[in-house]
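Asks:
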Amino acid sequence: MHEQVKTILAKVRSEPPNILKALLALQERLGHVPTEAVPDIAHALGATTAQVAGVLSYYPDLRLTHPGRHLIRVCMGESCYANGCGRLLRELQDRLRVDVGETAAGGKFTLDTMSCAGNCAVSPTVMIDRDLYGRLLPSQLDTLLERYK
Amino acid sequence: MRTVTRLYLSNDTSARAAGAGVLADAWSEHPEVQLIRISSRGAFYLEPMVERDSPAGRVAWFNVTAQDLPLILSGTDGTPVRSIPFLAQQTRFTFADFGETEPLALDEYQARGGLSGLETALRIGPDAIIEELQVSQLRGRGGAAFPVWNKWKVAQQARADQKYVVANADEGDAGTYCDRMILEGDPFRLLEGMLICARAIGAGRGYVYCRQEYPAAAKTLRAAIQKADEAELLELDGEPFPIEVVEGAGSYVCGEETALLESLEGKRGVVRARPPYPAQSGLYGRPTIVSNVLTFATIPNILSRGGAWHAALGTEQSRGTMALQLGGRVKHPGLVEVPFGLSLHQVLEQFGGGMAPGSRFKAVQVGGPLGSLFPASQMDIPICYDAFAKAGAVLGHGGIVVYDHETDMVDLARHFMAFTADESCGKCTPCRIGSVRGREILERIQAGSGTIEDLALLHDLGDTMKVASLCALGGRAPYPVLTAIEHFSAEFRSKLRT
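Just so you know, the sequences run in chain order Z and X. Numbering-wise (this note's numbering), the first sequence opens with residue 1 and increments by one. Numbering-wise (this note's numbering), the second sequence opens with residue 150 and increments by one.
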């Protein structure tokens, strides 16, 4: 762990250190940012443990645990709200038997929400990994989920 | 010999989400089709929309499925693009080329007048650029609506070893997507605006802070920066002016300019107390212009056409055009660029086409998740900064979301407060604690155990948050909640414990 963290961080070194950039680089490679690595990260960046832990706990996209193979995010923006995102979210919770932020049994999907995908004109929106689906009806969810292995 | 037909299909994220990507895949094996991926016209209710050339201009087919290909190739049943009322009735300047061009074709951008604003800027120099902006009366389009020239003047006059230009591409207001369209569809316009700013204030480095939710935008912009660099555009006075795209990590408040700067420095995206303003002391303590993407993209036309041209459009305090973004239960969601001054009613009828099938109007929210709600009786309000300020509302970034008869206003109010509670940066108490208490009260009312005192408490809480919060997140959060209570009070009262 220690060596791997050091190797990744060596590539994003800057003066002054950019903690967010470093944590995003780690997450890109490891899938999440392990909390036990915080002291190592702080040491490698020349920052304090508190500074690193502070940034890590602040940003919604920084993950402390490894997500499932696919990340499903239901947009909760106002246009999606007006177009029934609440029902989409409930249907997904039922189908995957998880709550928001949890990973379904088998580790295939992690369910999450997002505040706006900027896809308001073709809402409601669900984002799976980096793909966006618009005008989504609850009846289309099964076919959509089957596409992901 | 087989004839090859050139078809145009948008590569915009929302067009793809509506099915343009599926079309492109389905038609990739057809040798008789040459598919050109363009920006979107913003008439999203028609996407996926496919166009082809004709002697009288482009002809379009709407809501296309893969099976429609023979129809399109035979040229049957197409609609001339210039006869689409949604587009024909707009006054497009910033978005004039949308739907026409390939986003990364720099030569095309230039052939349509791109870079002529920069040319003017390089010729006339810093003082004259700022003077031109003063004449134009351009106000920042991100939400605060501060006069752009004023900000630039402060940064220009500040003495420092380094100055920065930062484009705020953290378009977090739900219901808005015009910045995303610019980043994906016309990225050189943003870069040109940033270069003009850098020239005016003497900046040596630029950043675009792009939200993580916009992966396609960041990718397109990075490609555009590389192309601009190869064309030797990213230099001023013989010095390099590098522009870097930095991605955020899902925090809404990082769209607030000082929180954005903290985040750009890699720290927690917490709001800074102002003054000093970023134009005096911004990124790493240096003079910094932070403006949103739409603002930068508006500037090239002002320089090439002149400030007076811009000032001739719009209303007394709101000059130029505004990019309004329609969403929610409206029949024609999409991007509408019009001069300031049209009424809310006009915009929703003329462009929005009324309500989506099966929906009856209940309320419309203008200005994102912190914007006020308007009931049917207040639809005459002109869309401009002055009228909105007078009504205690904000135009924000131009998002307009329509709610229909099925909307539960108590739950919607709870949704707004929960949003602020989630997104508060925590620096000031009114926002950090107030939003949580507000959410709890609304949850109580929703659960049927609220009392009339709870409504009074929400008003008190709202007043405190409005005056005592450090930034617009806490300061504006009460508005959608209190306007919901004001206009739909019977609905709130019916849920109270008797």
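Every residue, glycine too, gets a C-beta built ideally from N, C-alpha and C.
Take Ala316 (chain X) as the anchor and find which of X:Leu370, X:Arg308, X:Asp276 and X:Gly263 has the nearest alpha-carbon.
Replies: Looking at the Cα atoms, X:Leu370 is the closest of the given residues.
Asks: Which partner residues does Trp301 (chain X) have in the DSSP bridge list?
Replies: Note: Trp301 (chain X) sits in no beta bridge, so no partner.
Asks: Between X:Arg581, X:Ser598, X:Arg586 and X:Asp557, which has its C-alpha nearest Ser638 (chain X)'s C-alpha?
Replies: Checking every option, the nearest Cα to that of Ser638 (chain X) belongs to X:Asp557.
Asks: Relative to the alpha-carbon of Phe489 (chain X), which residue among X:Ala457, X:Tyr534 and X:Arg509 has its alpha-carbon at the smallest distance?
Replies: Per the Cα distances, X:Tyr534.
Asks: Give the straight-line distance between the Cα atoms of His66 (chain Z) and Phe109 (chain Z), rounded to the nearest whole angstrom.
Replies: Cα to Cα, the separation comes out at about 11 Å.
Asks: Please classify His636 (chain X) as buried or exposed, where buried requires at least 16 neighbouring CB atoms within 10 angstroms.
Replies: His636 (chain X) comes out buried.
Asks: Going by DSSP, what residues sit across from Ala396 (chain X) in a beta bridge?
Replies: Per the sequence presented here, residue 396 (chain X) reads as Glu, with Ala not at that position. Bridge partners of Glu396 (chain X): X:Cys359.
Asks: Alpha carbons only, please: which of X:Gln183, X:His179, X:Ala167 and X:Leu184 is nearest the one belonging to Tyr194 (chain X)?
Replies: Comparing Cα positions, the closest option is X:Ala167.
Asks: Helix or strand or just coil, what does DSSP make of Glu379 (chain X)?
Replies: Three-state result, Glu379 (chain X): helix.
Asks: Grab the span of the alpha helix (DSSP H) containing Cys580 (chain X) for me, first residue to last.
Replies: Counting along the chain, the alpha helix (DSSP H) containing Cys580 (chain X) begins and ends at Thr578 to Gln595.
Asks: Could you give the distance in angstroms between the alpha-carbon of Ser430 (chain X) and the alpha-carbon of Ser14 (chain Z)?
Replies: Whole-angstrom Cα-Cα distance: 21 Å.
Asks: Please report the straight-line C-alpha distance between Gly274 (chain X) and Ala349 (chain X), rounded to a whole angstrom.
Replies: For Gly274 (chain X) and Ala349 (chain X), the distance between alpha carbons rounds to 7 Å.
Asks: Bridge partners for Arg155 (chain X) per DSSP, in chain order?
Replies: DSSP output for Arg155 (chain X) lists X:Gln183 as bridge partner(s).
Asks: Is the region 19–28 of chain Z in contact with the region 43–59 of chain Z, if contact means three or more CB pairs nearer than 8 Å?
Replies: Yes, the region 19–28 of chain Z is in contact with the region 43–59 of chain Z.
Asks: At the 8 Å Cβ level, is Val550 (chain X) part of the contact set with chain Z, yes or no?
Replies: It does: the Cβ of Val550 (chain X) has a partner Cβ on chain Z nearer than 8 Å.
Asks: Could you tell me the distance, in whole angstroms, from the CA atom of Pro531 (chain X) to the CA atom of Gly106 (chain Z)?
Replies: Between Pro531 (chain X) and Gly106 (chain Z), the C-alpha separation is close to 54 Å.
Asks: Apart from the five residues on each side of it in sequence, which residues of its chain come closer than 8 Å, Cβ to Cβ, to Ile279 (chain X)?
Replies: Trp298, Trp301, Lys302, Gln305 and Ala349, listed in sequence order.
Asks: May I ask you to report which of helix, strand or coil DSSP gives Tyr194 (chain X)?
Replies: Residue state, collapsed to three classes: helix.
Asks: Counting only runs that start and end within the region 77–115 of chain Z, where is the beta strand (DSSP E) found for 3 or more residues in a row?
Replies: If we require 3 residues or more, the beta strand (DSSP E) runs fully inside the region 77–115 of chain Z come out as 109–114.
Asks: According to DSSP, simplified to helix, strand and coil, what is Lys312 (chain X)?
Replies: It is coil, neither helix nor strand.
Asks: Please list, in chain order, all residues of the same chain as Ile8 (chain Z) whose beta carbon is under 7 Å from its beta carbon, the five residues on each side excluded.
Replies: These residues qualify, in order along the chain: Ala25, Leu26 and Arg29.
Asks: Compile a chain-ordered list of the residues in the region 120–137 of chain Z whose CB is closer than 8 Å to at least one CB of chain X.
Replies: Answer in chain order: Cys120, Ala121, Val122, Ser123, Thr125, Met127, Arg130, Leu132, Tyr133, Gly134 and Arg135.
Asks: Under a Cβ-count criterion, where at least 16 other Cβ atoms within 10 Å of its own Cβ denotes burial, should Pro651 (chain X) be classed as buried or exposed?
Replies: Since the first residue shown for chain X is 150 and the last is 647, residue 651 (chain X) is missing from the structure and cannot be characterised.
Asks: Quick one: any contact between the region 335–352 of chain X and the region 432–444 of chain X, if contact means 3 or more CB pairs under 8 Å?
Replies: Output reads yes: the region 432–444 of chain X touches the region 335–352 of chain X.
Asks: Can you grab the Cα-Cα spacing for the pair Tyr148 (chain Z) / Leu92 (chain Z), in whole Å?
Replies: So the two alpha carbons sit approximately 14 Å from each other.
Asks: Cβ closer than 8 Å: which chain Z residues qualify as neighbours of Phe193 (chain X)?
Replies: In chain order: Ala121 and Val122.
Asks: Could you tell me the alpha carbon to alpha carbon distance between Ala621 (chain X) and Thr113 (chain Z), rounded to whole angstroms?
Replies: Using only the alpha carbons, I get a separation of about 23 Å.
Asks: For Cys654 (chain X), report the span of its alpha helix (DSSP H) as first-last.
Replies: Residue 654 (chain X) is absent from the model: chain X starts at 150 and stops at 647.
Asks: Which residues of the region 296–320 of chain X have a Cβ closer than 9 Å to any Cβ of chain Z? Give them in chain order.
Replies: So the close ones are Glu320.
Asks: With DSSP run on the structure shown, which of helix, strand or coil describes Ala446 (chain X)?
Replies: Of the three classes helix, strand and coil, the one that applies to Ala446 (chain X) here is helix, per DSSP.
Asks: Measure the CB-CB distance between Ala169 (chain X) and Ser159 (chain X) and report whether it falls below 8 Å.
Replies: Cβ distance < 8 Å, so Ala169 (chain X) and Ser159 (chain X) count as in contact.
Asks: Could you work out which residue in X:Gly227, X:Ala408, X:Gln259 and X:Ala428 is closest to Pro336 (chain X) when comparing CA atoms only?
Replies: Closest option to Pro336 (chain X), Cα to Cα, is X:Gln259.
Asks: Mind listing which residues of the region 18–48 of chain Z have their C-beta closer than 7 Å to chain X's C-betas, in chain order?
Replies: Residues passing the 7 Å Cβ filter: Asn18, Ile19, Leu20, Lys21 and Leu24.
Asks: List the residues of chain Z whose Cβ lies closer than 7 Å to the Cβ of Ser163 (chain X), in chain order.
Replies: Those are Asn119, Ala121, Val122 and Gly134, listed as they occur along chain Z.
Asks: Which value, in whole angstroms, describes the spacing of the CA atoms of Pro17 (chain Z) and Arg646 (chain X)?
Replies: Straight-line Cα distance between these residues: approximately 55 Å.
Asks: Would you say Ser115 (chain Z) faces chain X, with C-beta separation under 8 Å as the test?
Replies: Interface residue, yes.
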